[in-house]
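Sequential numbering of the sequence shown, starting at 0, is according to numbering that gives the first Met the number 0.
Note sheet for the following structure.
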Amino acid sequence: MHRVIQSFLAFALLALTACYTNPVTGRRSLVLLSQGEEVTLGQQSFSDIRKKEKVSTDPAYNARVTRIGQRIAQAVGNELPDAKWEFVVFDSPELNAFALPGGKVGVYTGLLKLAENDAELATVMGHEIGHVIARHGAERMSEALLISGLGEVAGAVVEAKTDTGNRQLFDLAYGGLATVGRVLPHSRNNESEADRMGAVYAARAGYDPRAAITFWQKMVSQKQASEKGGGKASSVSALLSTHPADEKRISDLKALMPQVVPLYEANRARFRDGPSSTPPATPASKAAPAATAVPTSPATPAKALAPRRP
Ligand SMILES: [Zn+2]
């Protein structure tokens, strides 16, 4: 295709699509999928993963993941529109956790053992949910669609995004694992954004965001052990293959803490009487706005301090 026509079509296409603004960081991105399409693909992918993997029936593991997940879901509120939250534990030694559009969250028992306390698990789950709310997968899909050719993109935008090719692209971009068996590593920028969002969601949910530092320090140790063992541990460390665990991540997390620890201090009192008193999270769209107010500026964390209930 002639470059001029291609450029014109690209411009026309971009003009037709809306930019997405991240509700936590304010970053704007180009996304060619609607959130409804993302949710549909997320549900399909989650359904496939549930069939493929062994779902854990361990009551303690399930109670823990659900308890933390519901608090984070409430902290997310309407920042994930139309979420139908599901929290599933997979019985596998893999160090892995993921979240898919629509509020589908999977945690592997291997990771549950590594994340010793609820705050550590909350920051990891918040991080994965952060990727979804940032729409990183849809952004990656959009980039791939643009690269794959404008004719295909135009078709992909017009048609439903649920054909096989797009499902594979989705799984690749989101790390759904079900159909392609491999995933793209996240970019450093996406990781940094998801770390920040995960810390904010954990803090809003009354979990100490400093737990992200101790968790990722353990992941660094896991990585080093894996490298010493000649990569033997790679099969049990899916999270490490997509999430670089290194000193840069640790130092970035430390630098982030002055912004998010006050948010935690402001919210922790709501959960002081223990997790058992926490009511189930309402669907995101119905969550009380007062409880989910987002401090867009780190300087105003107290704005998130609305009492959840009288
Ligand atoms: Zn990540």
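Just so you know, even glycine gets a beta-carbon here, dropped at the ideal spot from N, CA and C.
Measure from the C-beta of residue i to each C-beta in chain B and report whether the shortest distance is under 8 Å.
| i | result |
| --- | --- |
| PHE45 | In the displayed structure, chain B is absent; only one protein chain is listed. |
Counting C-beta neighbours from all protein chains within 10 Å, is the total for residue i 16 or more, i.e. buried, or is it exposed?
| i | result |
| --- | --- |
| ALA62 | exposed |
| ALA265 | buried |
| ARG70 | buried |
| GLU246 | exposed |
Leaving out the 5 sequence neighbours to the left and right, which residues in its chain are closer than 6 Å to residue i when beta-carbon positions are compared?
| i | result |
| --- | --- |
| ILE132 | GLU78 and LEU79 |
| VAL321 | Nothing about residue 321 can be reported from this structure: the residues present for the chain run from 0 to 309 only. |
| GLY129 | ALA193, MET196 and GLY197 |
| VAL64 | PHE86, VAL88 and VAL106 |
| ASP117 | ILE67 |
| ALA210 | ALA118, GLU119 and THR122 |
| ASN21 | ALA133 |
| ARG187 | none |
| GLN42 | GLY101 |
Is the beta carbon of residue j closer than 8 Å to that of residue i?
| i | j | result |
| --- | --- | --- |
| ALA82 | GLY105 | no |
| ALA98 | GLU142 | no |
| ALA96 | VAL75 | no |
| LEU32 | MET140 | yes |
| GLY125 | TYR173 | no |
| TRP215 | LEU252 | yes |
Give me, in chain order, the residues of the same chain whose beta-carbon lies closer than 8 Å to that of residue i; leave out the 5 immediate sequence neighbours on both sides.
| i | result |
| --- | --- |
| GLU311 | Because the chain is modelled from 0 through 309, residue 311 falls outside the range shown and cannot be assessed. |
| CYS18 | ARG27, SER28, LEU29 and VAL30 |
| THR24 | ALA133, GLU192, ARG195 and MET196 |
| LYS53 | PHE89, ASP90 and SER91 |
| ILE212 | ILE249, LEU252, LYS253 and MET256 |
Leaving out five residues on either side along the sequence, give the residues of the same chain with a beta carbon under 7 Å from the beta carbon of residue i.
| i | result |
| --- | --- |
| SER55 | ASN61, VAL88, PHE89, ASP90 and THR108 |
| LEU113 | LEU94 and LYS217 |
| ARG267 | GLY205 |
Measure how close the beta-carbons of residue i and residue j come, nearest whole angstrom, since I'm counting them as under 8 Å.
| i | j | result |
| --- | --- | --- |
| LYS103 | PHE169 | With 8 Å as the limit, LYS103 and PHE169 do not qualify as a contact, their Cβ atoms being about 13 Å apart. |
- [ ] Starting from the N-terminal end, write out each residue whose C-beta falls within a distance shorter than 6 Å of any non-hydrogen atom of ligand 1.
- [x] HIS126, HIS130, HIS185, GLU190, ALA193 and HIS242
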